[in-house]
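Participant: Line order of the protein sequences matches chains A and B. Each residue of the first sequence is one higher than the last, beginning at 806 in the numbering used here. Each residue of the second sequence is one higher than the last, beginning at 806 in the numbering used here.
Number of protein chains: 2
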Amino acid sequence: MEGIANEACSLAGHWGLGKLIAFYDDNHISIDGDTEIAFTESVDKRFEGLGWHVIWVKNGNTGYDEIRAAIKEAKAVKDKPTLIKVTTTIGYGSPNKANSYSVHGSALGAKEVDATRKNLGWPYEPFHVPEDVKGHWSRHVPQGAALEAEWNAKFSAYEKNYKEEAAELKSIITGELPAGWEKALPTYTPESPADATRNLSQQNLNALVKVLPGLLGGSADLASSNMTLLKMFGDFQKETPEERNVRFGVREHGMGAICNGIALHSPGLIPYCATFFVFTDYMRAAIRISALSQARVIYVMTHDSIGLGEDGPTHQPIEHLASFRAMPNVLMLRPADGNETAGAYKVAVLKRKTPSILALSRQKLPQLAGTSIEGVQKGGYIISDNSSGNNPDVILIGTGSELEIAVKAADELRKEGKAVRVVSLISWELFDEQSDAYKESVFPSAVTARVSIEAGSTFGWGKIVGSKGKAIGIDRFGASAPAGRIYKEFGLTPEAVIAAAKELC
Amino acid sequence: MEGIANEACSLAGHWGLGKLIAFYDDNHISIDGDTEIAFTESVDKRFEGLGWHVIWVKNGNTGYDEIRAAIKEAKAVKDKPTLIKVTTTIGYGSPNKANSYSVHGSALGAKEVDATRKNLGWPYEPFHVPEDVKGHWSRHVPQGAALEAEWNAKFSAYEKNYKEEAAELKSIITGELPAGWEKALPTYTPESPADATRNLSQQNLNALVKVLPGLLGGSADLASSNMTLLKMFGDFQKETPEERNVRFGVREHGMGAICNGIALHSPGLIPYCATFFVFTDYMRAAIRISALSQARVIYVMTHDSIGLGEDGPTHQPIEHLASFRAMPNVLMLRPADGNETAGAYKVAVLKRKTPSILALSRQKLPQLAGTSIEGVQKGGYIISDNSSGNNPDVILIGTGSELEIAVKAADELRKEGKAVRVVSLISWELFDEQSDAYKESVFPSAVTARVSIEAGSTFGWGKIVGSKGKAIGIDRFGASAPAGRIYKEFGLTPEAVIAAAKELC
């Protein structure tokens, strides 16, 4: 019933995943009772429409031969995934609870377990495995060992003949990153041209794909907006599975789930996926599974604020940064320029047990002085400061596209004689991991004059700016206008930062 | 392609919505190019599987008679929704851009507009409507006026003969609530039996449905866990559309979207929908649409914390309260007992332009002294205080199931001679709406000794407890254990609150 299942199965059909066999337990019971109350579609017909081969096993309770035949048939179909619909009785064998929703969510209970044992003619103690069953299954142990030995021998031979390819495969199986991979990351100077971080992200992806054999991914039908195409690769399709640009279609939730599967399949596979940042709402459940399952998925989320302009409030994220900062085991990264984008990719690749979300701008941003890959790795760091003795008059804090605004405000304030520190807080989670001494060196407790600016909800910023500081942000939905105009209308300007700073110091 | 479309269309088929006609613009182009790259399923077959009547108009560009015939046929099918698949050329008429993705996301441009006009033989100025076209359409104005007059006359007659039914219909059309409706809300005393707020929620729903003709809703296959069944009604089904228990199936996203449609259809319709709080992740995009569209949907979200117990981290919300507090125009309510649950429903019904999310416990909670419907309407309020002069030694703040823990800690601290205030912060948004004077009366700025306790992320609490206070919460994923045990393991206890309070005062 879940929409994500249809998204994923539609792609499985499109890709012709012949090795995929799904069993559908057609027991007609859901938690609320008979599925008839909410689910009367023809699942067979739907899956045929999705391009699957469909087999119906009518007696799933005792039709062992039927089940075996279905599996055999499914294996023989090589160009399509197969759905084996197995009609069963839920709680089969239980004399009083079979075929009812009460079997779904709770245990049978001792009495009904006894009755079921009798009914099924199962005279053994709990957890007893009869010898003939054990013997039947045990034959798989030597079989498996032989298969493993055979594979290992084959791989050894392969390694001799195809050194490079074998190393690549090994790297994907073990997850060990190729030595010096991070040297591929592009670097920038303040003289490098201004650019949108979504474009800088594409430069990083295209640099990394040359050194990371397991990097692959794509977008939910926004590749040319998210800037995710890998230029040296073609499309991953049924006939070209060696290519690395995955076309997910408009299926965000399925996309996230598929990337979780890829990430968890082999430690060296590094899937990325992309859409507009606001559409993380469509795939939030998959992102939470990345976090819970410790799956290194890189979420390339562009159009990360009202700065995206004319598409308006339906497309403009407001609460999304806050909502992911609150989610455990997710790295929320909002780079401000080229060096920070490279830093974000470095962190995302190195964090093997954590998904990363990169929030990237649609609009052009200048390359800032003081940003660095090393700084990004600490989550928050000083990009400029004209104070001495760790005692500035005011600390201005920005992330992503608003770091530029903080920098401009600092320039003005310094002209007026103020000692101003500018901090980039690209990732709150990484900053939280730092030592107390480092945190104090960035945000000295004595300095309570703090102004933050971020084109999103101020929710959560209270902790950073403190009771005496000021958080500039957006606590309402956005509006449709070009980026420059909307920033002014919403008060996200150097002037606003300067005014707030002056009130505090 | 989006999963939500399949969820909603599966329900439309199940309900046999014969009046629903959907046009599917089968132009084979998506933003990333030809749909062939990601979407090769048979949409016709899928929709037939979903129980729809499907018609294919092969020439959607100029086949006017074909289109007319399709609409006529669709109208004649009364027991099924109809999908009219209309094969078209995107940008039809544009000589250089037709049939390409470049028509999807950007304007044709002046030159191509000219070429298109010439190609289509359209000699008029921009925005000119030729007289014969105007005349053709204008005939609908008197037709419409006549139909309206006819309906009004019919309704007047109906009103005379069916006074009660007509009043009910009027209330739904205008949105005016029946006088005294709020008297139906149940009230509780500290002597009332302890109960889970999900059960108290069901008492409220069943009380309100007797006085609110537009209240209807249901759960995504968790009715008996969410406690959402209306006892005096049967199931809303194809043959029983007068009933009010809606069975959404396991389709959270579709459920939210359907409730948005119901809420926006008539101001007097008050839809509610339910699932486990953690599964708001599946329907977050629909909840954001409620907020953006100012749709009064009541989200009944049970199993609202680690207190749900054995289902474990996949089912235990952590970041969800914070994530909705950050979302504009959403009321996030977490009632602690019966009076607060009634207050939450009162607020949810009264807030005509705002969706409300009720986070409700699975576990039993005592009825607390000092809670009230009036208090809830302020979002945050004092439930007990043994200080004088608005100057307690410490303020303990709780929400929902943890308010009880704050109360217990206060009892102990008072025994030791401390002046302790306990505040219930059931809704941050409502509290934000209060006057500065009221806020100061609840949280005096001079009192910096503040301890909050909530079984969720501490993200955002910094603003409430201030730099000197302490927020007790959970900043990691949960674990599987009975509620009592897991609360202890995670340090959500009166002892932890007492210890934190003692450090501060």
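Just so it is clear, CB atoms sit at the ideal spot from N, CA and C, and this is done for glycine as well. Just so you know, these numbers come straight off a predicted model, no measurement behind them.
Excluding the five sequence neighbours on either side, which residues of its own chain have a C-beta within less than 6 Å of the C-beta of A:Gly-1054, listed in chain order?
Facilitator: Residue numbering aside, residue 1054 of chain A sits at position 249 when the first sequence is read from its first letter. So the qualifying residues of the chain are Asp-1026.
Participant: Looking at the strands, I want to know which residues DSSP matches up with B:Lys-1169.
Facilitator: Here residue 1169 of chain B refers to the residue found at position 364 when the second sequence is read from its first residue. DSSP output for B:Lys-1169 lists B:Ala-1001 as bridge partner(s).
Participant: Nearest-angstrom Cα distance between B:Cys-814 and A:Asn-901?
Facilitator: The count along the second sequence starts at 1 and reaches residue 814 of chain B at position 9. The count along the first sequence starts at 1 and reaches residue 901 of chain A at position 96. Those two C-alpha atoms are separated by around 36 Å.
Participant: Please report whether the beta-carbon of A:Tyr-1087 lies at a distance below 9 Å from any beta-carbon of chain B.
Facilitator: Position 282 of the first sequence, counted from the start, is the residue given in the question as residue 1087 of chain A. Yes - at least one Cβ of chain B is within 9 Å of the one on A:Tyr-1087.
Participant: What are the start and end residues of each continuous beta strand (DSSP E) run of 3 or more residues lying completely inside the segment 1135-1202 of chain A, in chain order?
Facilitator: With a minimum length of 3 residues, the continuous beta strand (DSSP E) runs that stay inside the segment 1135-1202 of chain A are 1136-1138, 1161-1164 and 1186-1190.
Participant: Taking a contact to mean a Cβ-Cβ separation below 9 Å, would you say B:Ser-1257 touches B:Ala-1141 in this structure?
Facilitator: Against the second sequence, residue 1257 of chain B aligns to sequence position 452. Against the second sequence, residue 1141 of chain B aligns to sequence position 336. Their beta carbons are not under 9 Å apart, which means B:Ser-1257 does not touch B:Ala-1141 by this criterion.
Participant: Along chain B, which residues have their Cβ under 7 Å away from the Cβ of A:Asn-811?
Facilitator: Along the first sequence, one-based indexing puts residue 811 of chain A at 6. Near A:Asn-811 (Cβ distances below 7 Å), the residues of chain B are Gly-808 and Asn-811.
Participant: Are the C-beta atoms of A:Ser-1161 and some chain B residue less than 9 Å apart?
Facilitator: Position 356 of the first sequence, counted from the start, is the residue given in the question as residue 1161 of chain A. So, not an interface residue.
Participant: So B:Thr-845 contacts chain A; which residues on that side make the cut at Cβ distance below 7 Å?
Facilitator: Here residue 845 of chain B corresponds to residue number 40 of the second sequence, with the count starting at 1. Near B:Thr-845 (Cβ distances below 7 Å), the residues of chain A are His-819 and Gly-856.
Participant: Does the beta-carbon of B:Trp-1266 have 16 or more other beta-carbons within 10 angstroms, so that it is buried, or is it exposed?
Facilitator: Position 461 of the second sequence holds residue 1266 of chain B. Looking at its Cβ environment, which holds 16 or more other Cβ atoms inside 10 Å, B:Trp-1266 is buried.
Participant: Just the chain B side, please: which residues come within less than 9 Å of A:Glu-853 by C-beta, in chain order?
Facilitator: What you label residue 853 of chain A is simply residue 48 of the first sequence in a count that begins at 1. Those within 9 Å of A:Glu-853 in chain B are Ser-847, Lys-850, Arg-851 and Gly-854.
Participant: Please give me, in chain order, every unbroken run of the alpha helix (DSSP H) with length at least 4 that falls completely inside the segment 999-1036 of chain A.
Facilitator: Within the segment 999-1036 of chain A, the complete alpha helix (DSSP H) runs of at least 4 residues are 1002-1013 and 1028-1031.
Participant: Looking at B:Ser-997: is its Cβ nearer than 9 Å to the Cβ of B:Gln-1182?
Facilitator: For the purposes of this step, residue 997 of chain B is taken as residue 192 along the second sequence, with counting starting at 1. For the purposes of this step, residue 1182 of chain B is taken as residue 377 along the second sequence, with counting starting at 1. Taking 9 Å as the Cβ cut-off, B:Ser-997 and B:Gln-1182 do not qualify as a contacting pair.
Participant: Under 9 Å between C-beta atoms, does A:Leu-1309 make it to chain B?
Facilitator: Residue mapping note: residue 1309 of chain A aligns to position 504 of the first sequence, counting from 1. Closer than 9 Å: no.
Participant: Inspect the beta-carbon positions of A:Gly-1061 and A:Ser-1024 and report whether they are closer than 9 Å.
Facilitator: Along the first sequence, read from residue 1 onward, the residue named residue 1061 of chain A stands at position 256. Along the first sequence, read from residue 1 onward, the residue named residue 1024 of chain A stands at position 219. No, these two residues do not count as a Cβ contact at 9 Å.
Participant: Quick one: which chain A residues come within Cβ less than 7 Å of B:His-1058?
Facilitator: Within the second sequence, residue 1058 of chain B is the residue found at index 253, counting from 1. Ordered by position in chain A, the residues that pass the 7 Å Cβ test against B:His-1058 are Gly-808.
Participant: B:Gln-1239 bridges to which residues according to DSSP?
Facilitator: Within the second sequence, residue 1239 of chain B is the residue found at index 434, counting from 1. In the DSSP output, where bridge partners are listed per residue, B:Gln-1239 has none listed.
Participant: Under a Cβ-count criterion, where at least 16 other Cβ atoms within 10 Å of its own Cβ denotes burial, should A:Gln-1007 be classed as buried or exposed?
Facilitator: As a working mapping, residue 1007 of chain A is identified with position 202 in the first sequence. Classification for A:Gln-1007: buried.
Participant: What did DSSP end up calling A:Thr-1045 once you bin it into helix, strand or coil?
Facilitator: Sequence index remark: in the first sequence, residue 1045 of chain A carries index 240 (1-based). Residue state, collapsed to three classes: strand.
Participant: Taking 9 Å as the threshold (beta carbon to beta carbon), is B:Asn-1004 in contact with chain A?
Facilitator: Sequence index remark: in the second sequence, residue 1004 of chain B carries index 199 (1-based). False, the Cβ-Cβ gap to chain A never drops below 9 Å.
Participant: With a cut-off of 9 Å, does the C-beta of A:Gln-1042 fall near any C-beta of chain B?
Facilitator: Along the first sequence, one-based indexing puts residue 1042 of chain A at 237. Cβ-Cβ to chain B under 9 Å: yes for A:Gln-1042.
Participant: Just checking my contact of B:Glu-807 with A:Arg-1089 at CB under 8 Å: how many whole Å lie between their CB atoms?
Facilitator: Here residue 807 of chain B is taken as the residue at index 2 of the second sequence, counted from 1. Here residue 1089 of chain A is taken as the residue at index 284 of the first sequence, counted from 1. The pair is not a contact, with the Cβ atoms about 15 Å apart (cut-off 8 Å).
Participant: Can you name the start and end residues of the alpha helix (DSSP H) that A:Val-908 belongs to?
Facilitator: Residue numbering aside, residue 908 of chain A sits at position 103 when the first sequence is read from its first letter. First-last of the alpha helix (DSSP H) with A:Val-908: 907-910.
Participant: Would you tell me roughly how many angstroms separate the C-alpha atoms of A:Phe-1084 and A:Glu-1294, rounded to the nearest one?
Facilitator: As a first step, residue 1084 of chain A is located in the first sequence; it is residue number 279 there, counting from the start. As a first step, residue 1294 of chain A is located in the first sequence; it is residue number 489 there, counting from the start. The straight-line gap from Cα to Cα measures roughly 24 Å.
Participant: Going along chain A, which residues have a C-beta under 9 Å from B:Val-1055?
Facilitator: In the second sequence, counting from the first residue as 1, residue 1055 of chain B sits at position 250. Ordered by position in chain A, the residues that pass the 9 Å Cβ test against B:Val-1055 are Met-806, Glu-807, Ser-835, Ile-836, Ala-843 and Phe-844.
Participant: Along chain A, in chain order, which residues have C-beta atoms closer than 7 Å to that of B:Thr-1119?
Facilitator: For this step, residue 1119 of chain B is matched to residue 314 along the second sequence. Those are Leu-1097, listed as they occur along chain A.
Participant: Please look up how many angstroms separate the CB atoms of A:Ala-1260 and A:Leu-1297, rounded, as I've assumed it's under 8 Å.
Facilitator: Indexing the first sequence from 1 puts residue 1260 of chain A at position 455. Indexing the first sequence from 1 puts residue 1297 of chain A at position 492. Right, the Cβ-Cβ distance comes to about 6 Å (below 8 Å), so this counts as a contact.
Participant: Does the separation of the CB atoms of B:Asp-1000 and B:Lys-1151 fall below 9 Å?
Facilitator: In the second sequence, the residue the question calls residue 1000 of chain B occupies position 195. In the second sequence, the residue the question calls residue 1151 of chain B occupies position 346. Cβ atoms of B:Asp-1000 and B:Lys-1151: not closer than 9 Å.
Participant: If B:Trp-1233 sits next to B:Met-1137, beta carbons under 8 Å apart, how far is it from one beta carbon to the other, in whole angstroms?
Facilitator: Your numbering for residue 1233 of chain B matches position 428 in the second sequence. Your numbering for residue 1137 of chain B matches position 332 in the second sequence. The pair is a contact, with the Cβ atoms about 7 Å apart (cut-off 8 Å).
Participant: Starting from the C-beta of B:Val-862, find all residues in its chain whose C-beta is less than 8 Å away, skip the five residues before and the five after it, and write them out in chain order.
Facilitator: What you label residue 862 of chain B is simply residue 57 of the second sequence in a count that begins at 1. Excluding sequence neighbours, B:Val-862 sits near Gly-868, Glu-871, Ile-872, Ala-875, Ile-889, Lys-890, Val-891 and Thr-892.
Participant: Could you run through the segment 974-999 of chain A and flag, in chain order, every residue whose CB is less than 9 Å away from some CB of chain B?
Facilitator: Going along the segment 974-999 of chain A in chain order, one finds no residue with a Cβ nearer than 9 Å to chain B.
Participant: Since B:Asp-1026 meets chain A, which of its residues come closer than 8 Å, beta carbon to beta carbon?
Facilitator: The residue given as residue 1026 of chain B occupies position 221 in the second sequence. Residues of chain A passing the Cβ test: Met-806, Ser-835, Ile-836, Asp-837 and Ala-843.
Participant: Using a Cβ-Cβ cut-off of less than 8 Å, list which residues of the segment 1131-1148 of chain B approach chain A; keep chain order.
Facilitator: Hits within the stretch, in order: Ala-1131, Met-1132, Pro-1133 and Asn-1134.
Participant: Locate the alpha helix (DSSP H) running through A:Phe-1129, then write down its first and last residues.
Facilitator: Taking the first residue of the first sequence as position 1, residue 1129 of chain A is located at position 324. It spans 1125-1130 - the alpha helix (DSSP H) in which A:Phe-1129 sits, taken as one unbroken run.
Participant: Can you tell me which of the three DSSP states A:Ser-847 falls into?
Facilitator: Position 42 of the first sequence, counting from 1, holds the residue named residue 847 of chain A. Reduced to three states, the DSSP call for A:Ser-847 is coil.
Participant: What in chain B is Cβ-close to A:Asp-830, meaning under 8 Å?
Facilitator: Start at 1 with the first residue of the first sequence, and residue 830 of chain A comes out as number 25. Correct list: empty, because the minimum Cβ distance to chain B is about 14 Å.
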